[in-house]
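Here's the structure we're looking at; comments come further down.
Protein chains: 2
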Amino acid sequence: MPVKYNAIIIRFGSEIGTKSPRVKVRYEKSICDYIRRLLEHHSVSFEKLEYTYGRAYLFTNETSEASELLTRVFGISSFSPAISTTSDIDQIADVCVSLAKEEFIPNATFAVRCRRVGTHPYTSLDVNRIVGERILSSLKDLNLKVDLENPMYTMGIEIREDKAFIFLETIEGPGGFPIGSQGRVVCLISGGIDSPVAAWLMMRRGCIPVFLHFDLGDFGDKRTRDKVTRLVRKLSEWMFNTPLRVYIVPHGENLQEIKDKCMDNLTCVLCKRVMYRVAERIAEMEGAVAIVTGEAIGEQASQTLHNLAVIEEATKGVPVIRPLVTFEKVETERLARRIGTYEISAEEEKGCAAAPKRPSTRARMGVVLKEEQKLDIERMVEIALERAEKFEIKYGNGDN
Amino acid sequence: MPVKYNAIIIRFGSEIGTKSPRVKVRYEKSICDYIRRLLEHHSVSFEKLEYTYGRAYLFTNETSEASELLTRVFGISSFSPAISTTSDIDQIADVCVSLAKEEFIPNATFAVRCRRVGTHPYTSLDVNRIVGERILSSLKDLNLKVDLENPMYTMGIEIREDKAFIFLETIEGPGGFPIGSQGRVVCLISGGIDSPVAAWLMMRRGCIPVFLHFDLGDFGDKRTRDKVTRLVRKLSEWMFNTPLRVYIVPHGENLQEIKDKCMDNLTCVLCKRVMYRVAERIAEMEGAVAIVTGEAIGEQASQTLHNLAVIEEATKGVPVIRPLVTFEKVETERLARRIGTYEISAEEEKGCAAAPKRPSTRARMGVVLKEEQKLDIERMVEIALERAEKFEIKYGNGDN
């Protein structure tokens, strides 16, 4: 009997499991709806998607195409391409033997792990024993051995009422919460590695991002704008059919004014404080509950913990969330690769030409406030907002 | 020739490498000082610790004892127990052959990777070739094969002037910055999994924690206080000889007052707002630049992003840093295990008895402020601070 994968077992994030049953079911069903729409959009045909508390079973012959998509669905903790059959123990054993014959290498060790819901003439332990013995006796020439501690292969069997699912592989999902289960947030985005990762981490926890990019004008790189658009497009692949709003705010003239009028070593702090103020205004306009940045402690000279506090003082009502605040650079890069933003972020571009050689690592609040009196900050913010360009990127029907 | 490990190659965090040369050398030397003191404290004898830009070489016969300690030194990205010898190519090849003989299994694949600083009669590629050939010809019975793409073993060779170091293994360090290179922070600590991990992440980035625990009195568990002390003691193992200050603040009466006077579904938000205020005062007293919490978006019903913003409004001057804000619970648990706090945190304890059955997930700022007018918050904070107990835990000379 040749083996044909025809189903996928989908497991929901363990944290969704800590919610009240009512919220849990609502979350999990909304994830199922999302999966259905995503599969349809990509023309992956499936017979049905069966939801049951804590799990869903997708019946499809296109398991590899579907798997590719499921790795990008928030709320899924893991999934397993499987062979579905009836709950008849002989049928189950037949499928397991065929699968083992196809996949196991000679001299391999294996274990059988059954999980069962419903009434059956056997227990889970019976299934483990019977299937294990059948594999050993049917595939003698492979010289297999059972190893319950540290097996090379684990033959997984999930029996649910009159159906059974057999699988060898468990693929990690992104985890997190369903899209939009938390509020909107304004995500600052540059062309770099960090900010898209920070935005993605918020998206994973259920937040809808509104992107805000500051165009540095003559101090920046002409290519950055296009990079940002492609980064948002890449991130949109994780939020099917959700329009992602992008604001591009001109910041070159404001930066020039800061350079012209203020102490050179405070440029970064003063620049960021203007950015935060603009972000706060956009948060109010968009009904967003937080500002999100890719800042990490000590990553750049101006990003001391002390300076982060001085910068944050510029926002009064909206909290600043920094998902990467204690990340190591290598951790951020690893995540960027997984998300798919790394390659775009890594494209060459000029750094900010306004950054001073020796930025202050310990800006004093009093001095900062005094320097700001040389600027008409209200007007800077107003003009930035007036000239802001706004567009939406949507991954889904009608677009990509 | 029997193989005897007698050195450890220590590599510093890659992010330290992005600093100016002056800062980099200062950071790396301070890590070396720390390592010396740590080894001495644990009576691990060593001949010397040789510092050179980006690397350090520890000469010791107790490589496994030293390795154990190095896994807990911030600023180290990785290290390799090694065999030191001269830069003579025949000596190097001899050591490599002996090491391969001892470690390689039959039919294994391997690669030789040489890194060289100084003037030598050979290039790095010469060394790779010569050593590879010598291993193959000397250990014919093992049937080894060179595989540069995906070898089972990598024979590392670092040649530095007249010395060479040969190693097979690279052990990951914690990364991060040297202790105290960033400012002090007030870390809220409960008995749970999250808060010690959040504190550790800040410690890794160079911050010195001041711990603050709220004793919930009749609403809490008598065992929690002892748990907290042991958690801080465990964390202190990462900060040799640095006294870690702990504040235990009575919070039971304040919580009772909130329960008695205010809307039940706002209990958690109001309670946290008092905690944040106390934390801010302690931050001022301690010269700390931030308040650190273990909060994650959506982890508990009261921890919606919306509520975090409402809670944060209570602090005016000191920013709140939440290293775990977008962590999945499984990620936090994995880290807790690595740090060594998991087992203590996982000990059974009663949850807070004051938590309402249906906490508000969307507390309204106006309502919260109105409820707070029923409380004498200034007095609550004052009394909490007056009755606070303060002590220090130090891992190092004279103590543990």
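Chains A and B are the protein sequences, given in the same order. Numbering-wise, the working numbering puts 653 at position 179 of the first sequence, and it's gapless, one number per residue. Numbering-wise, the working numbering puts 814 at position 340 of the second sequence, and it's gapless, one number per residue. Glycine residues also receive a C-beta, built at the ideal position from the N, C-alpha and C atoms. Since the model is a prediction, treat every value here as computed from it, not as a measurement.
When you compare only the Cα positions, how much space is there between Asp734/B and Glu727/B?
10 Å
Return no unless some Cβ of chain A is closer than 8 Å to the Cβ of Glu607/B.
no
Taking just the CA atoms, how far does Thr815/A sit from Ile640/B?
37 Å
For Gln656/A, collect the residues of the same chain with a Cβ closer than 7 Å to its Cβ; drop the 5 residues on either side in sequence, then sort them by chain order.
Arg679, Gly680, Cys681
Can you find at least 3 beta carbon pairs, one from the region 805-825 of chain A and one from the region 659-669 of chain A, that sit closer than 8 Å?
Contact holds: three or more Cβ-Cβ distances are below 8 Å.
Applying the 10 Å Cβ sphere with the 16-neighbour rule, what's the burial state of Pro797/A?
buried
Give the residues from the region 746-769 of chain A that approach chain B closer than 8 Å (Cβ to any Cβ), ordered along the chain.
Val763, Ala764
Express the C-alpha separation of Met839/B and Leu544/B in angstroms, rounding to a whole number.
Their Cα atoms are separated by approximately 48 Å.
Beta carbons nearer than 8 Å to chain B: which residues of the region 789-807 of chain A have them?
Gly791, Val792, Pro793, Val794, Ile795, Arg796, Pro797, Val799, Thr800, Glu802, Lys803, Val804
If we call anything under 8 Å between Cβ atoms a contact, is Val792/A one with Ala757/A?
yes
Any idea what DSSP makes of Arg861/A, helix, strand or coil?
helix
From the DSSP output, in three-state form, read off Gly528/A for me.
In this structure, Gly528/A counts as coil in the three-state DSSP scheme.
Strictly below 7 Å CB to CB, what residues from chain B border Met676/A?
Thr800
Using Cβ-Cβ distances below 8 Å, what residues of the region 637-666 of chain B are close to chain A?
Gly649, Gly650, Phe651, Ser655, Gln656, Gly657, Val659
Would Ile857/A pass as an interface residue toward chain B - the criterion being a Cβ-Cβ separation below 8 Å?
no
Per DSSP, Val723/A is paired with what?
Phe688/A
Would you kindly report the start and end of the unbroken alpha helix (DSSP H) that includes Cys742/B?
741-760
Nearest chain A C-beta to Ser504/B closer than 8 Å, yes or no?
no
Determine, using beta carbons only, whether Leu740/B comes closer than 8 Å to chain A.
no
What does Ser488/B reach in chain A if we use C-beta pairs closer than 9 Å?
Glu802, Lys803, Val804
Just the chain B side, please: which residues come within less than 8 Å of Glu786/A by C-beta, in chain order?
Pro793
Of all the CB atoms in chain A, is at least one closer than 8 Å to the CB of Ile771/B?
Interface flag for Ile771/B against chain A is set, since a Cβ pair is found closer than 8 Å.
Please report whether the beta-carbon of Thr778/B lies at a distance below 8 Å from any beta-carbon of chain A.
yes
Using only CA atoms, which one of Val842/A, Leu532/A, Ala673/A lies nearest to Ala788/A?
When C-alpha distances from Ala788/A are compared across Val842/A, Leu532/A, Ala673/A, the shortest belongs to Val842/A.
How big is the Cα-Cα spacing for Gly528/B and Asn739/A?
28 Å
Pick out the complete beta strand (DSSP E) segments inside the region 806-871 of chain A, 3 residues or longer, and give them in chain order.
863-867
Below 8 Å between beta carbons: does that hold for Tyr627/A and Glu577/A?
yes
Could you compute how far the alpha carbon of Pro830/A sits from the alpha carbon of Ile785/B?
36 Å
If you draw a straight line from the alpha carbon of Leu809/B to that of Asp621/B, how long is it in whole angstroms?
34 Å
In chain order, what residues of the region 822-848 of chain A put their CB closer than 7 Å to some CB of chain B?
So the list is empty, because no residue satisfies the distance condition.
Closest by CA to Val706/B, which one among Phe685/B, Lys696/B, Leu690/B?
Phe685/B
Select from the region 521-549 of chain A all residues with a C-beta closer than 7 Å to any C-beta belonging to chain B, and list them in chain order.
Listed in sequence order: no entries.
Where does Phe520/B land, buried or exposed, given buried means 16+ other C-beta within 10 angstroms?
buried
At which residues does the beta strand (DSSP E) containing Tyr627/A begin and terminate?
627-634 is the extent of the beta strand (DSSP E) around Tyr627/A.
Count the other CB atoms, across all protein chains shown, that sit within 10 Å of the CB of Leu782/B; report buried if there are 16 or more and exposed otherwise.
When all chains shown are included, Leu782/B counts as buried.
With a threshold of 8 Å on Cβ separation, who are the neighbours of Thr778/B within its own chain once the five nearest residues in sequence on each side are excluded?
Within the same chain, Cβ atoms closer than 8 Å to the Cβ of Thr778/B are found at Ile771, Gly772, Thr835, Arg836, the five residues on either side in sequence being excluded.
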